[in-house]
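Chains A and B, in that order, are what the protein sequence lines are.
Quick note: the first sequence, position 184, residue 183 per numbering that gives the first Met the number 0, numbers continuous.
Quick note: the second sequence, position 169, residue 168 per numbering that gives the first Met the number 0, numbers continuous.
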Amino acid sequence: MIPTILFYAFAAVLLVAAIGVITSRNPVYSALYLVFAFVQSAVLWLLIEAEFLAITLVLVYVGAVMVLFLFVVMMLDINVEQLRQGFTKYLPLGVVVALVVVIEIANVVWFRSEGRAFVTPDPYPAGYSNTKELGSVLYTDHVYAFEIAAVLLLLAIVAAITLTMRRRPGLKQQDIAKQVAVSAKDRVRIVKVESAKE
Amino acid sequence: MIDYSLAAPEIFLTAAICVVLMVDAFLRAEQRRWTYTLSMLALVGTAICSALFGVDERLTTFTGSYVADPAGDVLKLFAYLIVALVFLYSRDYLEENGLFKGEFFVLGLLGLLGVMIIISGNNLLVLYLGLEVQSLSLYALIALNRESARSAESAMKYFVLGAIASGTLLYGISLLYGMTGTIELGPLAAQLAEPGGLNVPTVLALAFIVVGVAFKFGAVPFHMWIPDVYQGAPTPVALYVGSAPKIAAFALAWRVLVDGLGPLHVSWSDMLIVLCVLSLVIGNLLAIVQSNFKRMLGYSTISHVGFILMGFIAGTEDGIRFAMFYTIAYVLMATAAFGMILMLSRKGFEAENLEDFKGLNARSPWFAAVMLLIMFSMTGVPPLIGFYAKLVVLNSLLEVGLVWLAALGVVFAVIGAFYYLRVVWYMYFNEPVETAPLAPATDLRVAISANGLLLLALGIFPGALLNLVARVL
Numbered sequence: 000m001i002p003t004i005l006f007y008a009f010a011a012v013l014l015v016a017a018i019g020v021i022t023s024r025n026p027v028y029s030a031l032y033l034v035f036a037f038v039q040s041a042v043l044w045l046l047i048e049a050e051f052l053a054i055t056l057v058l059v060y061v062g063a064v065m066v067l068f069l070f071v072v073m074m075l076d077i078n079v080e081q082l083r084q085g086f087t088k089y090l091p092l093g094v095v096v097a098l099v100v101v102i103e104i105a106n107v108v109w110f111r112s113e114g115r116a117f118v119t120p121d122p123y124p125a126g127y128s129n130t131k132e133l134g135s136v137l138y139t140d141h142v143y144a145f146e147i148a149a150v151l152l153l154l155a156i157v158a159a160i161t162l163t164m165r166r167r168p169g170l171k172q173q174d175i176a177k178q179v180a181v182s183a184k185d186r187v188r189i190v191k192v193e194s195a196k197e
Numbered sequence: 000m001i002d003y004s005l006a007a008p009e010i011f012l013t014a015a016i017c018v019v020l021m022v023d024a025f026l027r028a029e030q031r032r033w034t035y036t037l038s039m040l041a042l043v044g045t046a047i048c049s050a051l052f053g054v055d056e057r058l059t060t061f062t063g064s065y066v067a068d069p070a071g072d073v074l075k076l077f078a079y080l081i082v083a084l085v086f087l088y089s090r091d092y093l094e095e096n097g098l099f100k101g102e103f104f105v106l107g108l109l110g111l112l113g114v115m116i117i118i119s120g121n122n123l124l125v126l127y128l129g130l131e132v133q134s135l136s137l138y139a140l141i142a143l144n145r146e147s148a149r150s151a152e153s154a155m156k157y158f159v160l161g162a163i164a165s166g167t168l169l170y171g172i173s174l175l176y177g178m179t180g181t182i183e184l185g186p187l188a189a190q191l192a193e194p195g196g197l198n199v200p201t202v203l204a205l206a207f208i209v210v211g212v213a214f215k216f217g218a219v220p221f222h223m224w225i226p227d228v229y230q231g232a233p234t235p236v237a238l239y240v241g242s243a244p245k246i247a248a249f250a251l252a253w254r255v256l257v258d259g260l261g262p263l264h265v266s267w268s269d270m271l272i273v274l275c276v277l278s279l280v281i282g283n284l285l286a287i288v289q290s291n292f293k294r295m296l297g298y299s300t301i302s303h304v305g306f307i308l309m310g311f312i313a314g315t316e317d318g319i320r321f322a323m324f325y326t327i328a329y330v331l332m333a334t335a336a337f338g339m340i341l342m343l344s345r346k347g348f349e350a351e352n353l354e355d356f357k358g359l360n361a362r363s364p365w366f367a368a369v370m371l372l373i374m375f376s377m378t379g380v381p382p383l384i385g386f387y388a389k390l391v392v393l394n395s396l397l398e399v400g401l402v403w404l405a406a407l408g409v410v411f412a413v414i415g416a417f418y419y420l421r422v423v424w425y426m427y428f429n430e431p432v433e434t435a436p437l438a439p440a441t442d443l444r445v446a447i448s449a450n451g452l453l454l455l456a457l458g459i460f461p462g463a464l465l466n467l468v469a470r471v472l
């Protein structure tokens with residue numbers, strides 16, 4: 000009973016947050032609403048005992064992706080008015096896409112489930128760790144793929160540095176070693192000024 | 000229990016890459032040759048690992064995601080050889096053009112690792128990851144020369160198209176997983192072989208996977224990136240893109256289509272026939288009008304891909320063997336052809352136009368002769384290896400009764416002869432425009448001569464390579 004109430008409560012907040020994402024006029028608010036929506040869906044994951052996914056969702060999406068997103072939104076000067084242009088032009092296409100999605104959802108949720116009861120998965124016994132299970136599969140059955148993914152990340156780092164790191168001529172940079180090693184006579188020149196003769 | 004020794008070459012190469020990367024970071028620009036030497040040593044070490052831990056039978060490890068078999072070992076050894084040749088041919092060119100960076104070698108080795116992962120992949124997820132490792136290193140390599148807008152443009156094109164192709168492949172894989180509940184090739188084939196295995200969703204998934212594989216090969220209509228990348232990339236990178244990844248493309252097609260989706264041969268051979276015919280027609284016809292040699296080689300690759308696909312279309316054991324034979328032969332030819340461009344180029348001058356080969360015979364009769372061998376081999380003139388490669392794939396088509404396709408292949412091979420022989424005509428019957436003497440380094444000179452002569456030797460004794468391929472596959 001209590002999980003059901005919790006589900007509806009969090010799902011309702013999730014819907015409100017999702018609507019907020021697309022209705023707010025300020026892109027920063029939209030991004031913040033999206034963070035809110037992610038947190039709510041993380042709780043929904045928790046309710047079906049998928050703790051690892053819940054934590055990952057918060058850590059990766061809220062912690063990394065959305066922060067980056069906010070940075071970009073704040074750094075770029077997005078002209079909202081320009082984005083709004085052509086709304087009526089694209090409206091028919093948008094309506095068609097929305098209708099297709101609604102029909103698909105109805106098909107899955109309603110027509111296909113007719114005559115079939117929704118089954119709720121059996122709750123896991125106490126002490127079951129979702130993270131541990133995932134980890135044990137990841138590091139045994141799929142260890143090869145996992146290692147390749149690690150190589151892929153290394154490759155991405157090498158590629159990114161190759162493509163972006165370069166010494167531009169005339170770039171003003173600090174050379175700490177040089178600054179420390181500097182001596183007084185490099186910086187201060189004592190000049191004997193002849194006093195003006197009358 | 001995981002048998003790590005089967006994956007010794009991959010493990011050694013990964014460790015070696017990390018060493019090269021670390022050492023390179025501490026080298027000064029004038030010591031960069033050490034990176035080159037270390038990379039070569041890494042290749043030798045990997046080859047030794049492959050030889051020591053080679054297998055006589057098909058073995059799997061890592062809970063079925065890694066497969067070691069003799070054919071895979073042979074493909075890997077050829078891949079090491081090709082990458083070593085790429086590094087050797089590229090060295091002087093890179094030094095002269097200010098591109099001699101450690102990243103070229105590190106990314107080159109990582110690309111090779113991707114090729115090896117694909118060759119030994121026994122599960123769709125691993126094959127996909129291998130493809131990504133290989134493609135990502137290629138994207139970065141193509142954009143290596145940051146001064147060139149053309150390189151950046153071709154890298155961007157390849158990246159966007161490649162990302163779409165990877166997505167397509169992955170979509171096919173996920174559909175297939177949804178249908179069968181497995182990503183391992185063996186069980187997948189077993190499931191698909193059962194009655195009812197051939198249904199609409201499976202064929203849909205198959206179509207997506209064929210698109211991904213065709214993009215990797217560069218078969219028409221998924222060839223758009225090839226001419227641009229060959230022309231836009233720095234020539235050493237074009238050499239790299241044109242050689243080792245073709246082995247990976249063959250391995251991908253062999254593992255996925257034959258090992259995994261073999262029971263669906265009726266469906267995918269029809270798709271490949273379309274790709275094959277289009278590749279032969281478009282590749283050969285567009286190659287004729289090119290004036291840039293690199294671009295022409297791009298279109299010629301497309302037409303050769305048509306021939307490689309013929310072996311798969313036949314689908315017999317011999318067909319796959321001959322496709323492997325053709326792939327190895329083609330890669331040797333392409334490496335030699337690009338090596339020739341690199342050798343004729345010098346600081347500030349790219350021998351990338353057909354005109355640059357004018358009068359090569361007057362400048363250096365020996366290199367003109369080697370180039371003649373390469374061009375004749377690509378045309379398919381006996382007794383060079385290119386002839387036997389074409390002969391055996393066409394023969395495998397005749398065995399399954401696809402006479403019309405074989406005839407079409409012959410017709411377009413003849414049409415293709417025009418643009419290869421034009422290069423020969425330029426070399427022997429034109430006055431040289433360039434008169435600068437050719438003075439490549441000794442090891443380069445020896446390697447490219449050996450590469451050219453290998454085409455002749457394997458053409459005279461095709462049995463050596465044919466027997467090897469027949470024994471392992």
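A virtual CB, placed ideally from N, CA and C, is assigned to each residue, including glycine.
The model shown is predicted, which means the values in this text are computed figures rather than measured ones.
Could one say the Cβ of Ala158 of chain A lies closer than 8 Å to chain B's Cβ atoms, at least one of them? yes
Ala67 of chain B, enclosing beta strand (DSSP E) - first and last residue: Tyr65 to Ala67
Alpha helix (DSSP H) containing Thr59 of chain B: first to last residue? That residue, Thr59 of chain B, is in no alpha helix (DSSP H); its beta strand (DSSP E) goes Leu58 to Thr60.
Exposed or buried, what is Ala192 of chain B when buried is set at 16 or more other beta-carbons lying within 10 Å of its beta-carbon? exposed
With C-beta atoms as the reference, is Val392 of chain B less than 8 Å away from Gly310 of chain B? yes
CB-CB under 8 Å to Ile246 of chain B, same chain, minus the five flanking residues each way: which ones, in chain order? Leu74, Phe77, Ala78, Ile81, Val114, Ile118, Thr326, Ile327 and Val330
Select from B:Thr181, B:Gly358 and B:Ala335 the residue whose C-alpha is nearest the C-alpha of Ser376 of chain B. B:Ala335
Report the neighbours of Ala144 of chain A on chain B: residues whose CB is nearer than 7 Å to its CB, in chain order. Ser64, Leu124, Val125 and Leu128
Taking 8 Å as the CB-CB limit, is Thr181 of chain B close to chain A? no
Under the assumption that Leu124 of chain B contacts Ile182 of chain B (Cβ atoms under 8 Å), give the Cβ distance between them as a whole number of angstroms. 5 Å
Applying a beta-carbon distance threshold of less than 8 Å, which residues of chain A neighbour Val209 of chain B? In chain order: nothing, as chain A lies at least about 23 Å away.
Give me the Cβ distance between Leu37 of chain B and Val18 of chain B, rounded to the nearest whole Å; I'm assuming they're in contact under 8 Å. 7 Å
Buried or exposed: where does Ile21 of chain A fall if 16 or more other Cβ atoms within 10 Å of its Cβ makes it buried? exposed
Using a Cβ cut-off of 8 Å (strictly closer), state whether Val150 of chain A contacts chain B. yes
Candidates B:Val240, B:Val236, B:Leu396 and B:Val209, of which the one nearest Leu256 of chain B by Cα: B:Val209
Ala333 of chain B vs Leu84 of chain B beta-carbon contact at 8 Å: no
Against chain B, does Thr55 of chain A count as a neighbour if the rule is that its beta carbon must be under 8 Å from one of theirs? no
Is the segment 263-283 of chain B touching the segment 217-227 of chain B, taking contact as three or more C-beta pairs under 8 Å? yes
Chain A beta carbons: is any one of them nearer than 8 Å to that of Glu131 of chain B? yes
What are the residues that DSSP puts in a beta bridge with Ala321 of chain B? It is worth fixing the name first, because residue 321 of chain B is Phe in this sequence and not Ala. In the DSSP output, where bridge partners are listed per residue, Phe321 of chain B has none listed.
Taking DSSP's pairing of strands, which residues face Phe348 of chain B in a bridge? B:Arg345
If you check the beta carbons only, do Phe86 of chain B and Thr45 of chain B fall under 8 Å apart? no
By the criterion of Cβ-Cβ separation under 9 Å, what are the contact partners of Thr59 of chain B in chain A? Going along chain A, no residue has its Cβ under 9 Å from Thr59 of chain B, so there is no contact; the nearest lies around 11 Å.
Entirely enclosed alpha helix (DSSP H) segments - the segment 39-121 of chain B, minimum 4 residues: 69-95 and 101-118
Return the Cβ separation of Asn122 of chain B and Gly177 of chain B in integer angstroms, given the expectation that the two are a contact with Cβ distance under 8 Å. Going by Cβ atoms, the distance from Asn122 of chain B to Gly177 of chain B rounds to 16 Å, so no, they are not a contact pair.
I'd like to know if Arg254 of chain B contacts chain A, where contact means its C-beta is closer than 8 Å to some C-beta of that chain. no
Using only CA atoms, which one of B:Leu143, B:Met155, B:Leu184 and B:Leu169 lies nearest to Ala164 of chain A? For clarity, residue 164 of chain A is Met in the given sequence; the question names Ala instead. Closest option to Met164 of chain A, Cα to Cα, is B:Leu143.
Of all the alpha helix (DSSP H) runs that stay within the bounds of the segment 116-182 of chain A, which reach a length of 4 or more residues? 129-137, 142-163 and 175-180
Just to check my reading of the structure: Val72 of chain A and Pro26 of chain A have Cβ atoms closer than 8 Å, yes? What is that Cβ distance to the nearest angstrom? 5 Å
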